[in-house]
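Residue numbers (full-length UniProt numbering): 1 to 1191.
Right, dumping it as structure tokens:
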């Protein structure tokens, strides 16, 4: 065996010696996966022999072809942000239902019934009603035709033509059949299919016998009267022969000009046209303009030369003859294409942007026409156009001015010209959110000005604004409601009803839906009582079920919109729609039940007596209905039961529960959601007994809803958890937890999360006293299993673990060792999320560990966490710091392991970390050490911490800045204020305002902690620095100091008074503003402590500032006067005020009366003794005696 192997090796070696390098190169080059040098061409004139002879050819000098191909194909082919980018246009985001708004037309103006002038062009209510009737009739006929065609398609047999005499009663749109006495009745031939030979019905040879479709195979093909859509050539209306399709005339396929182009297609077409224009060959004239006139000769083309003109093979230029002229090649027309859209608009100015879509609406502004030759209406139109363009595309100042202008001049422009331009803009398919918002704002403003002039245009406005009521954006819905509310107040209820009445039973469901929502807004604006008679009439309409449906929907939407405001009208509304529960139309019954549910929800917990009339139909209805109808009835009952008294609620719950338990098995997701909601509502009612829930509901509930499939659908998952928590509130923790605790070990992770979330909420609500030892063991075991088996770390598991451990308290002691080992093991995991979760869990259970006496275990955890402070992921580091903070909090500074003197120097560099979570937890931990264990750390280390803290004053998060300034106070208390104060005063010189403000707050906290006398001398000395920022900082610090120290400020008023005098006389507004704020806090702190002289002195410096116009300054001045009113009493301020109340200058009087009004509001009763005595004169008696008061 060994000899054979040796022979094979030797043979292979001998073979290898025979192979040359050329053979190897050739083999490699023949490999198709490599690009080779042999494919490179070279100049054979220069290199008569092989250029590469004598060189060793490389096997490959580039990457393999598969990588090159991958690079070529993959380059920029995938956009990673494509899925997350929000569609800019509103129409691009809307679903098919919402886009039905484009099907509605802006109808002509309607007659104003209250107007005196007779407008012949506008349509009256009767005309509109006739049009609607005609439209409905047309829809009905079309639906019957479509139904007949469908039946023909299904059965394969045409409906037979009736030969009976016409009946007496005929509809207007059914033609009278023509009688032919000699006509022979012909059997109807079966519609031709692919497997049947068509036979001509009026052919004499055709046998009038009905045959099988398989018997007609050998029949001679005859022309059929049924025209196939494929074999008939579409022709122009006036042509009777087969012809080439004529573009746009009599064709089925529309030409591009007829097609509705999406914004994307429109842009693509624009770019295509622009590129065509750019790449077209230059004409002789253009070449002449480009080249110099001398220096070369233009050659004559050779005789017989014809230039090749390639026709434009574009979709828009397809050659289609008109009629019978034959095929004609169209001449290439070079249309002038605008290379760039104008930014400078005549009469408007420079705009930030001007889109191609704007040309459709604002193109007229680019026509350089003489405005002096235009009529008043044309000038008005152009003026409005310019203002709208400024509002839509202008800069904020431009937009603001145009908006004010169009609002002020609204009545001059008139409603017609305004709405005829604004409303088509709002209907544009390329409209964006910001543009819509601005145009809606324009309508809102001009409605106030136009008032009743708006009546003829109400329907037009509604067509445009109603779609906002079903928009996905909450703010768009609010804007829509606001507009319709203002419109109804301007136009009045009669106009709103006459305008919207024809849309109530419109053929299109979209129109009915939006009209119902609009009517609910009208009801909220003008009051339900005003609309109630109309609603009663509509809800009882015998004319059409659509009207009844819409009327009831109006009530439902009104309840949703107005909430508890429906209570005064609840009985009337319920009576108005109650009959709908027994309507012949299923849809009406369903919407009635939903409306009652909405009314009950809005009225909760009141109003059960209003629903007496509908209880019986509801209860009979749940036994008769199935599917969506039943779901609606159950929803109504679910909202009514909580309104009942206890005994009634218990009875009705038992009645409805039979149906609910039956519907537990329903496969319909919507039904499940409603059933869960109703069970939750019934369980929450006081009258329902726990024993009933245990015996009747729980077994079936857990059997059907606590299954894995429910955890996969987020909405149902949430509903199941909420319902289970509500049931637990009735029957206790152990009853629920005992049924689901084993599912904590289920193999499905989403299901385990659902179980954990339920247990967490139940235990958080009810505590763990109900849990027996066996359930406790199962619970801890299951939670540990679920916690360790996570594939995706979730806050649900962490919250559940923490809640259960804290609820069990001392009972968790036997399991703590195992829990800690789990935590330590997970702290070593390679996944950052796992480490973060383990650290978070320590902070959740630290308090329980302390109460269980596990200090030793906690010290070990503290030591291990200390070692992990080098963590690279900031999220994990933040959690580790949080865990350390919780351990330091519970075991104290003295017994902390590692010692505080080692821990703090390790934390100082971490303060530089820019991650918010790390900053917040680190500063909290440092602050806690400074507060409780400052003596364990040297003063030098604390100063180092101070310097690091200065940077944290620039943090974005307010919590970090607050914690930083508080820590300054703790450090100052520990090492004395001098060094800390020096650091802070130095920081007042920085440029950044936020940093300076936080520094002033820190100085104030140091003053509060270490007494003001330690800070004020250095602070007042700093005011001598001739720099605005520093002086303002000092004043701000004084303001905060006096705000914080309160009554302590009485000892320092006289010391700071000269500084405040100087500030109040400074030319800088901010000096005076901050000084006034300081005096306000000072005055409020020393009320009644005998400091009136100093305060009155300062008031003399404040009073001249009452005429300031800067809003911030005048606010500060008024607030300081208010503070002094409290400290000095209202009499002093009244003496200052009386001198200017009757000043001859209006501006002076206004200021003094403003101060007096504020004074009167604050101290009305205290002013009585200080009013001046007025002597009686001939006409008036001013004085009153005490006896007069009593009488």
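Even glycine gets a Cβ: it sits at the ideal position worked out from N, Cα and C. On a predicted model such as this, the values are computed, not experimentally measured, just so you know.
Closest by C-alpha distance to residue 557, out of 527, 585, 1118 and 517, is 517.
Membership of residue 464 in the alpha helix (DSSP H) is indicated by the continuous run 458-465.
Non-local C-beta neighbours of residue 1154 in its own chain, meaning closer than 6 Å and more than five positions away in sequence, are absent.
Pairing residue 535 with residue 560 gives a Cβ-Cβ distance that is not under 8 Å. Just so you know, the alpha carbons of residue 1168 and residue 1064 end up roughly 32 Å apart.
Going by beta carbons, residue 641 and residue 653 fall inside the 8 Å limit.
By the criterion of a C-beta distance shorter than 7 Å, residue 690 is surrounded in its chain by 730 and 731, once the five residues flanking it on both sides are discounted. In the three-state reduction of the DSSP assignment, residue 89 falls in the strand class, which pools E and B. A Cβ-Cβ separation of about 6 Å places residue 837 in contact with residue 798 under the 8 Å criterion.
The region 820-830 and the region 838-853 touch, with three or more beta-carbon pairs separated by less than 8 Å.
Residue state for residue 1168 is assigned as helix, using DSSP reduced to three classes. When DSSP states are grouped into helix, strand and coil, residue 432 belongs to the strand group. One thing to note: residue 900 has its Cβ within 8 Å of the Cβ of residue 929. Between residue 755 and residue 779, the gap from beta carbon to beta carbon reaches 8 Å or more. A contact between stretches requires three or more CB pairs, one per stretch, nearer than 8 Å, and the region 920-927 meets this requirement with the region 946-960. Straight across, the Cα-Cα distance linking residue 467 with residue 461 is about 11 Å. Residue nearest to residue 521 within the set 482, 529, 503 and 903 is 482 (criterion: CA-CA distance). Selection 895, 830 and 660 evaluated against residue 627 yields 660 as nearest (Cα-Cα). Looking only at 969, 674, 505 and 817, the smallest Cα-Cα distance to residue 544 is reached by 505.
Classified as buried, residue 549 has 16 or more neighbouring CB atoms from the shown chains inside 10 Å of its CB.
For residue 625, no alpha helix (DSSP H) run applies, since DSSP gives it neither H nor E.
When C-beta atoms of the region 1126-1146 are compared with those of the region 1076-1093, three or more pairs fall below 8 Å, so the two segments count as touching. Taking the C-beta atoms as reference points, residue 968 is found nearer than 8 Å to residue 1006. Sorting 1105, 470 and 811 by C-alpha distance to the C-alpha of residue 94 places 470 at the top. For residue 1163, there is no enclosing alpha helix (DSSP H), as DSSP gives it neither H nor E. For the pair residue 531 and residue 501, the Cα-to-Cα distance works out to about 12 Å. Spanning the alpha carbons of residue 567 and residue 378 requires a straight line of approximately 53 Å.
Out of 452, 726, 427 and 1144, the CA that lies nearest to the CA of residue 103 is found in 427.
The straight-line gap separating the alpha-carbon atoms of residue 617 and residue 728 is approximately 32 Å. By alpha-carbon distance to residue 931, the top candidate from 135, 480, 940 and 963 is 963. Taking a C-beta distance under 8 Å as the contact criterion, residue 1040 and residue 1004 qualify as a contact pair. Approximately 20 Å separates the beta-carbon atoms of residue 615 and residue 675; this is outside 8 Å, ruling out the contact. Contact between the region 405-421 and the region 442-451 is present: 3 or more CB-CB pairs across the two stretches fall below 8 Å. Judged by DSSP in its simplified three-state form, residue 554 adopts helix.
In its chain, beyond the 5 residues on either side, 839, 865, 868, 869 and 871 have a beta carbon closer than 7 Å to the beta carbon of residue 880. Counting of Cβ neighbours within 10 angstroms places residue 1150 among the exposed residues, the total staying below 16.
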